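The opening residue of the sequence shown carries number 1 in my numbering; numbering runs sequentially from there. Heads up, the beta-carbon is just placed ideally off N, CA and C, and yes, glycines get one too. No experiment lies behind these values; they were computed from the predicted model shown.
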Amino acid sequence: MKLGIGIGWRPEIAAEVEALTGVDWVEVVAENLCADHLPDSLVRLRERGVTVVPHGVSLGLGGADRPDAERLAGLAARAELLGTPLVTEHIAFVRAGGPLTASPRLEAGHLLPVPRTWDALEVLCENVAIAQDALPVPLALENIAALVSWPDEELTEGQFLAELVERTGVRLLIDVANLHTNHVNLGQDPAKALDELPVEAIAYVHVAGGVEKNGVWHDTHAHPVTAPVLDVLAELRSRVDPPGVLLERDDAFPPGAELAAELETIRGTLRAAGGPSGTERRNTGPRRGTPAPTRPGARDRTAVAQTALLSALVAGTPAPEGFDHRRLRVQSRALAAKRADVVAKVAPELPEILGDGYRAAFLDYARTRPMSDGYRRDALDFVERILVHGGLPDPVAQRRLTHWWEDRSGPRPPSRTTRIVRAARAVLAGK
């Protein structure tokens with residue numbers, strides 16, 4: 001299916017996206033949609049004939065666990081609601097621990113790279129097959145950006161993707177910004193990856209901006225698209241005419257005119273690169289294959305490896321052997337900073353109550369308290385920690401924080417935290 005030129009729809013730029021001309025389709029983060037109704041802006045776009053593709057971020061198909069049936073059902077419901085021709089997700093793991101390792105469940109709050117090993121590939125293929133069976137439309141998977149690489153990998157990125165497509169028939173969402181990120185951070189050649197992957201399996205392409213700091217490329221989606229990323233897009237276009245190309249922007253949103261200019265730059269890059277036409281591709285699309293049976297113990301080995309890495313990143317445990325310790329520290333700080341930013345968005349009252357001390361307090365909390373159940377639970381746990389460990393010196397701020405926690409904690413057993421909060425409220429009420 002030919003998608004054309006698109007842009008990521010976000011609530012913050014809904015009006016700007018509706019006003020853009022020449023936008024053939026939009027992509028929306030699946031988890032940000034209700035399963036039974038759409039925002040008015042998306043309804044209007046669909047009425048105009050604009051295709052809307054849901055893009056999932058929480059399945060963790062590269063993780064050791066089999067896909068969660070409830071998450072899959074939610075993604076399927078959103079696909080039905082949107083009448084979309086496909087859904088997309090990532091080749092990543094987002095959680096680890098749990099029953100497979102008899103350890104606490106850990107949430108990354110971020111897309112982390114899977115090791116390019118035969119074990120991890122076979123686990124991924126089985127998970128993809130489960131997801132394909134549960135979804136009403138074809139699935140495409142995205143290559144991710146990484147700050148760290150696994151030691152002793154057995155396949156290149158292109159080989160890994162080619163094997164994945166061959167075994168499952170899944171389609172690919174190629175993010176050229178992520179290829180550039182991995183070039184800067186990990187020394188991986190984007191051209192080699194493009195040469196090795198099955199370009200006929202590409203469903204569409206992502207283009208996004210980032211920034212380089214101290215020799216590390218951060219895939220921020222909050223900066224303009226740079227020339228090196230456009231160069232990778234041109235490399236891809238010289239090999240295949242992708243069915244769709246989409247501009248992603250997730251933060252620091254510019255005016256509509258700047259978004260329009262970036263879209264025009266992308267169009268110009270595609271025109272200038274030339275390359276094969278869509279009819280010259282080797283196949284009309286990948287077929288569904290039969291995944292190879294998982295090797296005995298592959299899930300267990302993958303679970304142990306991923307849990308060790310995630311624990312080092314979010315719980316301060318020793319770094320697994322073979323990893324670059326400096327890069328792990330960079331990734332760990334980035335995960336904590338992202339948690340602070342997202343919690344500030346889902347609970348904007350907290351930075352308001354805590355003022356300039358919010359970020360330092362949250363990063364101190366995150367250093368020893370891994371996220372285990374999403375960002376809203378993370379916000380509650382953060383506030384509980386403050387209340388348990390002495391509260392705030394300002395009685396007004398303390399009162400507001402206590403009320404905030406009580407309003408959102410819901411029915412809970414009378415834990416130590418609950419008793420402390422009730423005691424604090426009683427003291428404040430007596431003043």
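Assumed close pair residue i, residue j - CB separation to whole angstroms, cut-off 8 Å
i, j, result
"Arg237", "Gly209", "Not really, about 19 Å apart at Cβ, beyond 8 Å."
"Pro138", "Arg116", "Not a contact, Cβ separation roughly 24 Å."
"Val52", "Leu82", "5 Å"
"Ala145", "Asn182", "6 Å"
"Thr269", "Asp119", "Thr269 to Asp119, Cβ: 38 Å. No contact."
"His221", "Arg249", "6 Å"
"Asn143", "Asp189", "Wrong, their Cβ atoms sit about 14 Å apart, outside the cutoff."
"Ala108", "Leu310", "6 Å"
Through-space distance from residue j to residue i, alpha-carbon basis
i, j, result
"Ala252", "Arg271", "28 Å"
"Pro151", "Thr307", "15 Å"
"Ile7", "Val245", "8 Å"
"Gly374", "Pro113", "19 Å"
"Ser409", "Arg333", "28 Å"
"His325", "Val148", "9 Å"
"Arg239", "Val211", "27 Å"
"Ala177", "Val232", "8 Å"
"Leu124", "His218", "26 Å"
"Ala19", "Gly256", "8 Å"
"Glu235", "Arg400", "55 Å"
"Leu363", "Ala336", "6 Å"
"Gly187", "Thr21", "38 Å"
"Ile5", "Gly322", "42 Å"
"Gly391", "Gly316", "25 Å"
"Val207", "Pro395", "48 Å"
"Glu200", "Arg48", "29 Å"
"Arg517", "Phe382", "In the structure as shown, the chain begins at 1 and stops at 431. Residue 517 is therefore absent and cannot be evaluated."
"Glu264", "Glu153", "39 Å"
"Trp404", "Glu384", "11 Å"
"Pro296", "Leu350", "47 Å"
"Thr226", "Leu179", "13 Å"
Short Cβ contact (8 Å threshold) for residue i with residue j
i, j, result
"Pro243", "Ala203", "yes"
"Val314", "Pro370", "yes"
"Ile353", "Ala397", "yes"
"Leu141", "Glu89", "yes"
"His110", "Lys338", "yes"
"Leu86", "Ala131", "no"
"Arg359", "Ala340", "yes"
"Glu122", "Ala298", "yes"
"Ser58", "Arg66", "no"
"Gly74", "Ala102", "no"
"Thr402", "Leu380", "no"
"Glu31", "Gly63", "no"
"Val43", "Val23", "no"
"Leu247", "Glu258", "no"
"Leu100", "Asp241", "no"
Same chain, Cβ closer than 6 Å to residue i, five either side skipped, listed in chain order
i, result
"Pro224", "Gly209"
"Leu33", "Arg78"
"Pro198", "Ala162, Val165"
"Trp9", "Val17, Val26, Val28"
"Leu507", "The requested residue 507 is not part of the displayed model; the chain covers only 1 to 431."
Proximal residues to residue i (C-beta, below 7 Å), its chain only, five neighbours per side dropped
i, result
"Leu328", "Val148, Ala312, Leu313, Ala319"
"Arg105", "Arg95, Gly97, Gly98, Ser372"
"Val330", "Leu147, Val216"
"Met1", "Pro85, Pro243"
"Ala76", "Ala134, Leu135, Pro136"
"Asp356", "none"
"Val184", "Glu212, Trp217"
"Ser41", "Ala14, Glu18"
"Pro228", "His180"
"Tyr365", "Phe382, Arg385"
"Val191", "According to the sequence shown, residue 191 is Ala rather than Val. Within the same chain, Ala191 has close Cβ partners Glu235."
"Arg376", "Val346"
CB contact check: residue i to chain D, cutoff 8 Å
i, result
"Pro242", "In the structure shown, chain D does not exist; there is a single protein chain."
Close beta carbons around residue i, own chain, < 8 Å, minus the five adjacent residues each side
i, result
"Gln159", "Arg116, Glu196"
"Glu12", "Phe253"
Mind listing, in chain order, the continuous beta strand (DSSP E) runs of no fewer than 3 residues lying wholly within the region 49-103? Whole beta strand (DSSP E) segments, 3+ residues: 51-55, 87-90, 93-98.
Kindly provide the ranges of any alpha helix (DSSP H) runs that are 4 or more residues long and lie completely inside the region 215-275, ordered along the chain. For the alpha helix (DSSP H) assignment, the uninterrupted runs of no fewer than 4 residues enclosed by the region 215-275 are, from N- to C-terminal side, 227-237, 256-273.
In chain order, which continuous runs of the beta strand (DSSP E) of length 3 or greater are located wholly inside the region 99-174? If only uninterrupted beta strand (DSSP E) runs of at least 3 residues are considered, those enclosed by the region 99-174 are 103-112, 139-142.
Let me know the alpha helix (DSSP H) ranges lying completely inside the region 285-357, each 4 residues or longer, listed in chain order. Along the length of the region 285-357, whole alpha helix (DSSP H) runs at least 4 residues long occupy 298-314, 325-346, 349-354, reported in chain order.
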